[in-house]
Every structure is written in structure tokens, then in C-alpha cells.
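Novice: Line by line, the protein sequences give chains A and B. Start counting the first sequence at 64; every next residue gets the next number (this note's numbering). Start counting the second sequence at 64; every next residue gets the next number (this note's numbering). C-beta: ideal position from N, C-alpha, C; glycine also. None of these values were measured; they are calculated from a predicted model. Okay, here's the structure, questions in a sec.
Number of protein chains: 2
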Amino acid sequence: MGSEAIDNCLKAIYQLAGDDERATTAGLAEQLAISPASVTGMLKKLSESDPPWIEYQKHHGARLTDRGRARALEIIRHHRLIELFLHRVLDYSWDEVHVEAEKLEHAISETFEDRIAHVLGDPEFDPHGHPIPRRDGTLPDRADSDLIDMEPGTDAEVSRVSDHDPTMLQHLSSIGVRPGVRIHLLERRPFDGPLMLRVGDDRAVHAFGARLAGSIRIRDIRSTAA
Amino acid sequence: MGSEAIDNCLKAIYQLAGDDERATTAGLAEQLAISPASVTGMLKKLSESDPPWIEYQKHHGARLTDRGRARALEIIRHHRLIELFLHRVLDYSWDEVHVEAEKLEHAISETFEDRIAHVLGDPEFDPHGHPIPRRDGTLPDRADSDLIDMEPGTDAEVSRVSDHDPTMLQHLSSIGVRPGVRIHLLERRPFDGPLMLRVGDDRAVHAFGARLAGSIRIRDIRSTAA
DNA sequence: ACCTAAATTTAGGCACGCCTAAAAATGGGC
DNA sequence: GCCCATTTTTAGGCGTGCCTAAATTTAGGT
């Protein structure tokens, strides 16, 4: 019960559709990098397993059951704890952690999970700013919003960045963008043009295109306590 | 190239037959806990792979090629580094490490291997006293011999203990037997009877039957420098 | 309401890693 | 040197997880 393929599928449904929305066959095929036909087969299996991992209606996508959600969150907890562990304890760089965690998340025991959580001091966020699900399935919340929606002329703090593209992480790292860093949006160029912004105390102005900006979430600055 | 099943098979050949002896189909079936028929299929595949992992003659067992040996040693290096890491960094007990390492040895990257080796100070022996192969495929050597062959009336130091049975490890731990501990053999009871010996500074005398004694290796005491 | 394009499912196939049952090779005792 | 017990291999099968190609269903535009 709970092969790697199943775990990856549940995780993908959670990531695409969240707690109680439905994920589409095509979306899952893209996320998992397998054919739509293979996804259909997997969804059927997941919904017919006893007890079922998902609710599935043909042609209308899949929604996680309580059990499915619990499993997805467990895998995501593994993934994010491992990322933080690799970064803090084994000195992995920001962009190296994701690939390694993708394999290890399926291999570690609950004991391993507990031990690294303890060594790390029961952390709430991973190196990219993503919340680490708790063992009880709840998520630490940090109210944040898309960088795309930020008001020109205001300040904000980087909350999290997508971890899927290592080259993007390298680039962000090279210009100083990390969770916790303050940014100032100067202007938004017209016709969906780039966002012009400053990072931290750096005077340089950077242009963020849609791809890059879309991978970043921010939160309002608490206080400008210098 | 290099699935988990293949790695386990190469490791089993190395453990049963060593560098340049042949392992039998039956032996491998036992070690891997699969049927002899499945072993035959696996051996054929391993010998026909390009380049081959093993030399295989029907009805005459399998011998590792250079490539096969290198891979086996790499997996064993992973296993033993992980055992030591779990013990030292994540506070696993002696008897817990083997099972977890058995899964993780297949999941970690070369980077992970290097980082934990570095954190641990490039160790040469795992928590059970087994030598950790170096990256170049050489083995740290510690001349040791079977406890069974120890001379009554002499002292020795525990060199290594088998890690396959957690309950045996728990028992050994409870009476203080660990690599590095000094033991004194009082007598060997007749007709393959138990070995009567003292452990460390403990006055108690313990009886070691064949199974237990067979899982322990010792080395001559260097000097009785109190 | 229909018709078409897109999304999805069905059908059939393949590699892996295991199984059991039956056939064949080996080698030790006589 | 032959025979029999043991070991090993062959033959055929099963579940998983993926594939492609063809059939089907859905949903959007008119």
C-alpha cells in the first residue's frame, strides 16, 4: 500500500487542486510527466483501492479523500523536511535540495522524519519558504500573495519561491532573492511587461518577467524597523 | 542502469562470494529471500547487460566483473556510511540502523554520500565494526578473526558484530558487547558447547552459543596498557 | 440543437521483478 | 560408470507502471 507512483500522484493532485478541488487528467499528466492515458489508469486504481485515496468521476477529474490528503501531506512533509535538512546539516545549496529530496521523500521512515524534524527544531518552513505540513496534517500559515499583484511603489518581503527550476533558483540566489529579503517595486511596465524592482539594500534595479515573477510570493512588510 | 533489484543482487554476490569467488543460485536465493528461479533470471540479465555486471556460467554460479564489484562496493559504502550517520547524527540505536540503511542505500546520490562522509570525518568503520569501502573501491583493513577460534585464557577486543538480526544486536548491547570492548575467554565447553567469557570490566560470565559467537569477530589485544 | 475540437478513456503492448510447476543438468555414492 | 537426489533452469503467469493508437465523451461556438 503506497508505492512511489501512487505517492507522486497524490502529491500532484494536492499540488494542482489543493484540499478539495478536482485535478484534471491533463494537468496530472503534465505534472507527472507521463501520458494522459497512464493517468487515467492510475486514477481508476486510486479510486478503487480500499479504502480509496481519491474520488474519481470519469471525465471530471479526481479529488483527494481524507486518506488521500493525509498521505499527500505526509509526502510533502517528508520532502520539505529533507530539503531543509540537506541545506542546514549537509550544506546543500538552495538549488540542489529539490532533486535529492524528490527521491528521498519516498525512502525515509517515520522515525527518520521525526529525528530530522527534531534536529532541525520542528521547523515550519523549508529553504524556499514553503510551509512544512505538521504530523497532524495542519499547515503553518503565513498570509502571502503573488508578486504579480504587488502595488507599485510599495515594499514587501519575499515569502517563498518556487523550487521546481534549479536554474531559476540559481538566478534568484545570484541577485539576492530569498525568503525574508525585502523588495521594493518601482513600477510595472505596460502590456504585461516586466516588474522593475530593487532587492534588499542593493541599488540595482532588476526586471522580472512573467515567468520569474510568477514563481515568487510575497507578504506585506510588518514594520520598517531599520 | 542499476535498479534496486540489480544493486541488491550484486551486493549479495559480493557478500556471499567476495571479490573473485562464485556465488551459487541457491545461496543468492536465500540471501535475497526470492526463489531460485528468479535468481537465474536476474543472473542471466546481469551477465547479458552491456557492459556485464557478472560472469555467469549456467549451473556454475556467478562471479562479479570489475564493474560489478565496483557497484557492489559502492552500495555497501552507502549502507555503512548511512548506518554510521543515523547512529551519530540522528541518534539511532545500534539495532535500528540496518533496516533504515537498507532502503536509503539505493536512494542517495553521490553528493549525499560525499557530504555525510565529510560530516562524519571520512570514517573507516561503521557502528558494527564493518569496514566502509573507500570511493576508490579499496577497503580499510583490520586483521581480525572469528571469536570461535579464540584461545581460552586469552584476551581480545571485539572487532565487529553481524548486523542482520536486530534482536541479537539488542542482546549484545545489553551485555556490553560492542566494537572496541575487551573480552576474556575463560573456557570453551566441550562438544561444541558455549564459550564462557567476560565482557569489559564486568565480573559476570556470559555463555555464548554457536549462533551468537559466530556473529562476532575479534582482534588480538595490542597492549594491556591499563 | 448540432457539430467539431479538445480532453479523456479504452484497447493492446512492453519491461521489470517476482512467482510456481515441470524439465533438465550436475555431481556424489556405489 | 550409473543412478538418484539435489540444484538449477525453463516455461508460463501475474501485478505494476508505463507506452501508443484508436474510440469515445465532453464542452464550446453558432
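1) Please name the residue in B:Thr103, B:Ser110 and B:Ala135 whose C-alpha comes closest to that of B:His122.
2) Using a C-beta to C-beta distance shorter than 7 Å, which residues of chain B count as neighbours of A:Asp154?
3) Between B:Arg85 and B:Gly124, is the Cβ-Cβ spacing less than 7 Å?
4) Between A:Asp204, A:Arg252, A:Ile139 and A:Asp185, which has its C-alpha nearest A:Gly216's C-alpha?
5) Using a C-beta to C-beta distance shorter than 7 Å, which residues of chain B count as neighbours of A:Lys166?
6) Identify the residues that DSSP records as bridge partners of B:Met259: which are they?
7) Would you mind stating whether A:Ile139 and A:Val224 have Cβ atoms separated by less than 7 Å?
8) In angstroms, rounded to a whole number, what distance separates the CA positions of A:Glu146 and A:Val160?
9) How is A:Asp265 classed by DSSP in three states: helix, strand or coil?
10) When burial is assigned at 16 or more other CB atoms within 10 Å of the CB, is A:Pro203 buried or exposed?
11) Go to B:Ile76, then tell me how far its alpha helix (DSSP H) extends in each direction, as first and last residue.
12) Who are the near neighbours of A:Asp228 in its chain, counting only those whose CB is closer than 8 Å to its CB and skipping five residues on each side?
13) Does the separation of the CB atoms of B:Pro257 and B:Gly243 fall below 7 Å?
14) If the criterion is Cβ atoms closer than 7 Å, does the pair B:Leu109 and B:Ile97 meet it?
15) Since B:Glu137 meets chain A, which of its residues come closer than 8 Å, beta carbon to beta carbon?
16) For B:Glu176, which three-state DSSP category applies?
17) Closer than 6 Å by C-beta to B:Gly200: which residues in its own chain qualify, once you throw out the five before and the five after it? Chain order, please.
18) Give me, in chain order, the residues of the same chain whose beta-carbon lies closer than 7 Å to that of A:Gly263; leave out the 5 immediate sequence neighbours on both sides.
Specialist: According to the structure shown:
1) Numbered from 1 along the second sequence, position 59 holds the residue referred to as residue 122 of chain B. The shortest C-alpha separation from B:His122 is found at B:Thr103.
2) Here residue 154 of chain A is taken as the residue at index 91 of the first sequence, counted from 1. Residues of chain B passing the Cβ test: Arg178.
3) What you label residue 85 of chain B is simply residue 22 of the second sequence in a count that begins at 1. What you label residue 124 of chain B is simply residue 61 of the second sequence in a count that begins at 1. Yes, Cβ-Cβ distance for B:Arg85 and B:Gly124 is below 7 Å.
4) Numbered from its first residue, the first sequence carries residue 216 of chain A at position 153. Nearest option by C-alpha distance: A:Arg252.
5) One-based indexing of the first sequence puts residue 166 of chain A at position 103. Within 7 Å Cβ-Cβ: Ala170.
6) Position 196 of the second sequence holds residue 259 of chain B. The partner list for B:Met259 (beta bridge, DSSP) reads B:Glu250 and B:Ala270.
7) By 1-based counting over the first sequence, the position of residue 139 of chain A is 76. By 1-based counting over the first sequence, the position of residue 224 of chain A is 161. Not in contact: A:Ile139 and A:Val224 (Cβ atoms no closer than 7 Å).
8) Mapped onto the first sequence, residue 146 of chain A falls at position 83. Mapped onto the first sequence, residue 160 of chain A falls at position 97. Looking at the two C-alpha atoms, the distance is approximately 5 Å.
9) Counted from its first residue, the first sequence places residue 265 of chain A at position 202. Of the three classes helix, strand and coil, the one that applies to A:Asp265 here is coil, per DSSP.
10) As a working mapping, residue 203 of chain A is identified with position 140 in the first sequence. Exposed: under 16 other Cβ atoms inside 10 Å.
11) As a working note, residue 76 of chain B is residue 13 in the second sequence. Unbroken alpha helix (DSSP H) run through B:Ile76: Glu67 to Ala80.
12) Within the first sequence, the letter at position 165 stands for residue 228 of chain A. So the list reads Ser278, once near-sequence residues are dropped.
13) As a first step, residue 257 of chain B is located in the second sequence; it is residue number 194 there, counting from the start. As a first step, residue 243 of chain B is located in the second sequence; it is residue number 180 there, counting from the start. Contact flag unset, no.
14) Position 46 of the second sequence, counted from the start, is the residue given in the question as residue 109 of chain B. Position 34 of the second sequence, counted from the start, is the residue given in the question as residue 97 of chain B. Cβ atoms of B:Leu109 and B:Ile97: not closer than 7 Å.
15) For the purposes of this step, residue 137 of chain B is taken as residue 74 along the second sequence, with counting starting at 1. Residues of chain A passing the Cβ test: none, with the nearest at roughly 16 Å.
16) What you label residue 176 of chain B is simply residue 113 of the second sequence in a count that begins at 1. Helix.
17) For this step, residue 200 of chain B is matched to residue 137 along the second sequence. Answer for B:Gly200: Ala133 and Leu136, listed in chain order.
18) Your numbering for residue 263 of chain A matches position 200 in the first sequence. So the qualifying residues of the chain are Gly239, Val244 and Arg245.
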